[in-house]
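Below is one structure, written out as structure tokens, with a few remarks after it.
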Amino acid sequence: MRWPFCLLLSGIIWAQDADMFLGSEVYGLFERWDVRGKVDTFVPIETRPWGREEAYLLLLRTDTLRLHRLDRARYERILFLLSDSLPPRRWANTLPWLLPAGRDIFKAQTPWGALYIGALLHVGAGRDTTGLIYQNTRGVYIRAKLGRKVGLYADFLETQARPPFFISQRYQTYQTLWGETFVKPFGTNGFDYANTRGYLTYSPHPALRIKFGRDKGFWGMGFQSLVLNDYPPEYLYLHLRGRLGPWEYHSLFAQLIDFIPNKPDAWGDQPRKYLTLHQLIWRPARGISLGIFEGVMYNPWTPRGHRGVELSYFIPIIFYRTVEQMLGSPDNAMLGAFARANLLRRFQIYGQLAIDDYNFGKRREGRGWWGNKYAWQLGLKAFDIGLPTLDLQVELNAVRPYAYSHSIISAAWVHHGQFLAHPYGANLRDLTILLRYQPIPGLTLEGRLSEIHQGLNSSTTNWGSDIFISDVTHARDFGNRLLQGEPIKYRFIHGRLVYQMQRLPVYAEVEGFWRNGSWGWWSGLRWMIPHKVLRF
């Protein structure tokens, strides 16, 4: 069954449009249907985001007759969110006087292209142990298609918020707010900030898709990613993706921010740094994938002066580690592998390995060399366990001391003062258990338990947890072990109830959370904005 890969290829990549938001429930549903054997081609769950056209064509390859009635209800809602032209009698807007263009405020469709303009909204309020919490986000998006090769997207969001206590605590530590860039604090733990995304997609050939602009991605199959997470804010990047039969290849060239907290305006703009990543995925059969990845983080400044952008890293198919060594550069290279397999049409096992540095020769000199820096992930997903649409996920992550750090601080695996991989840095082990259930159409219940054990640095010793510190200051050469340093445990319990109306892109939700003895809850409404997954 390899040929469906090729048959789907031209239809997916040749038609261009904007990408779906990270955090959309669409990704989890397609993964569920993939494991349950309801989609008759591969589902590219290893990387996100996907194009809207891509997801829509995957819907067309889904066997709706074999879906459970609750999954069919989910299918109908996704079809409404993704389709731009639907039969009016079946999909008539429930509020035509409010949105005469359907899901969008305005739309114009012609044989050579289409334009869509719509609103973005996220409002809510609640309480935690520090008092009132709230969010007030308003925005607008523009989405366009030009022929079958070009897609455009842009949005703008303005927010005033008082986030939960654990997000405010991290701001006090790192002077950055989760997922945001320029933030203006006000009052007690209040923040005012704006955000914008915009990009162009282009497919000169059915086997190639090019994306350039400001956005972010998630590479991995788990709740966390150990190479590229959606925790930090957006960044400027060029992404090349090619598919040919069971093979898929990605190249990512990103410009990141080497964040300086409380930078005076007289210093100029925030300094830049650069990341190049590529990965190769092989799917020998539907439901099975194997992959390898490699990347380099580097700063345009060296002790000898301004180095600029390293053009050698712009070669889309090359071994970065070898190039980095040949250049004699002080860059931070990383490589790794990942795999997943669907079993018995009910289970999925997956894993990820990220190697920041490893020296086999040092094992002869002693155990626990500080420079053997790596992270690994193992996970299990189970679907329809006991009840239809009741799904379970269990994931274990471990990150060795000093992983993602570097001798040059600016080459650490971070962007704008926030972690690109695990959101707690390094020298940690975490276990996450998630449950998801849809008892009636449109209603989803979610629960999560996360327990993170970490060894923190002391006031005088670098035990490897803080990747914003140069690893030259490591505590000792040998005898290093996972969770060394001052032990701390974070336990996070999160529950969520969300309801999505069938003919409107609106989500009503209630959330509750508990973290190390502190609690909170909140309820709100979202219009076209996906859920922002709490990764703390």
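Be aware that the sequence shown starts at 5, since it is given in this note's numbering, and climbs by one per residue.
Glycine residues also receive a C-beta, built at the ideal position from the N, C-alpha and C atoms.
- Inter-segment contact for the segment 320–340 and the segment 393–406 is absent: fewer than three beta-carbon pairs are separated by less than 8 Å.
- The three-state reading of DSSP puts Thr66 in strand, counting E and B together.
- Here Gln381 is buried, its C-beta having at least 16 other C-beta atoms within 10 Å.
- Taking 8 Å as the upper bound for CB-CB distance, Leu487 and Asn431 are in contact here, some 7 Å apart.
- A direct Cα-Cα distance of roughly 16 Å separates Trp373 from Ser411.
- In this structure, the straight-line span from the alpha carbon of Glu58 to that of Leu357 is close to 28 Å.
- Around Trp54, the same chain offers Met24 as residues with beta carbons nearer than 6 Å, after the five sequence neighbours per side are excluded.
- In its chain, beyond the 5 residues on either side, Tyr354, Gln356, Gln381, Gly383, Glu399 have a beta carbon closer than 7 Å to the beta carbon of Gly226.
- Of the residues assessed, Trp417 falls on the buried side of the cut-off, its CB having 16 or more other CB atoms within 10 angstroms.
- When rounded, the separation of the alpha-carbon atoms in Thr464 and Glu490 is 12 Å.
- With contacts defined as CB atoms closer than 8 Å, Gly194 and Arg166 qualify as a contacting pair.
- A direct Cα-to-Cα measurement between Phe387 and Gln352 gives close to 9 Å.
- At a cut-off of 3 residues, the continuous stretches assigned as beta strand (DSSP E) that sit fully inside the segment 169–209 are 187–190, 194–209.
- Distance from the CA atom of Val231 to the CA atom of Tyr317, rounded to whole angstroms, is 18 Å.
- Excluding five sequence positions before and after Ile146, the CB atoms of its chain that fall closer than 8 Å to its own CB belong to Leu119, Tyr120, Ile121, Leu156, Tyr157, Ala158, Asp159, given in chain order.
- Shortest Cα-Cα distance from Gly291 to any of Ile49, Thr133, Pro534, Ser87 involves Ile49.
- Distance from the Cα of Leu204 is smallest, within the candidate group Ala198, Leu69, Asp219, Asp196, for Asp219.
- Taking 8 Å as the cut-off, the beta carbon of Phe169 is found no closer than this to the beta carbon of Arg52.
- With distances taken between CA atoms, Arg81 lies nearest to Tyr503 out of Tyr503, Ser527, Leu529.
- The alpha-carbon separation between Lys153 and Asn266 amounts to approximately 43 Å.
- Bounds of the beta strand (DSSP E) holding Leu435 are 432–441.
- Contact between the segment 447–466 and the segment 328–346 is absent: fewer than 3 CB-CB pairs across the two stretches fall below 8 Å.
- Pairing Ile437 with His254, the inter-Cα distance amounts to about 30 Å.
- Counting every other CB atom within 10 Å of its CB across the protein chains shown gives His209 a total below 16, marking it as exposed.
- In this structure, Leu284 is the residue among Leu69, Leu284, Trp37, Ala198 with its C-alpha nearest to the C-alpha of Phe297.
- When DSSP reads this structure, Gly528 sits in a beta bridge with Gly128, Glu513.
- Under DSSP, Arg500 forms a beta bridge with Glu450, Glu515.
- Only residues of its own chain outside the window of five on either side were considered, and among them Gly130, Arg131, Asp132, Val514, Glu515, Gly516, Phe517 have a CB closer than 8 Å to the CB of Trp525, listed in chain order.
- Taking C-alpha positions only, Met330 is separated from Thr200 by approximately 39 Å.
- Secondary structure note for Leu150: its beta strand (DSSP E) is the uninterrupted segment 135–150.
- In this structure, Leu279 sits near Gly299, with a CB-CB distance shorter than 8 Å.
- Contact check for His420 and Thr180: beta-carbon distance about 6 Å, within the 8 Å limit, so the pair qualifies.
- Comparing alpha carbon positions, the residue from Gln259, Asn461, Arg485 closest to Thr477 is Asn461.
- Burial of Arg56 is indicated by the presence of at least 16 other C-beta atoms within 10 angstroms of its C-beta.
- Runs of the alpha helix (DSSP H) lying entirely within the segment 27–65 and spanning at least 4 residues, in chain order: 29–39, 56–64.
- Restricting attention to beta strand (DSSP E) runs no shorter than 3 residues, the segment 382–429 encloses them at 395–403, ordered along the chain.
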